[in-house]
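Novice:
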Amino acid sequence: MSFFGLGFPEILIICLIFLLVLGPNKLPKVGKYLAKYLGGFRSASDEFKREIDVVVLEDKDPKEDTL
């Protein structure tokens with residue numbers, strides 16, 4: 016299974032590089048920040064998706080279904 020076109024070995028190497036660069040003390044803080052950011056991004060994308068669905072349903076003409 017690939018994530019952004021990366022396999023498990025590549026992701027493992029990237030994680031090891033992060034561990035070496037940031038050190039074990041800063042890594043949990045960065046992980047919490049990334050989780051918070053990704054959670055906010057996910058909720059914003061879900062809200063955007065709901066708004067698009069509402070607009071599409073409002074825009075749909077009921078007369079089109081009868082033909």
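Just so you know, we're using our numbering here: the sequence shown kicks off at 16 and counts up by one.
Ideal placement from N, C-alpha and C gives every residue a C-beta, glycine not left out.
All values derive from a computational prediction rather than experimental measurement.
1) Could you check how far apart the C-beta atoms of Phe33 and Leu27 are, in whole angstroms? I think they sit under 8 Å.
2) Taking the Cβ atom as the reference point for each residue, do Val45 and Leu37 lie within a distance shorter than 8 Å?
3) How big is the Cα-Cα spacing for Asp61 and Leu35?
Specialist: Based on what the coordinates show:
1) Their Cβ separation, rounded to whole angstroms, is 11 Å, which puts Phe33 and Leu27 out of contact at 8 Å.
2) yes
3) 35 Å
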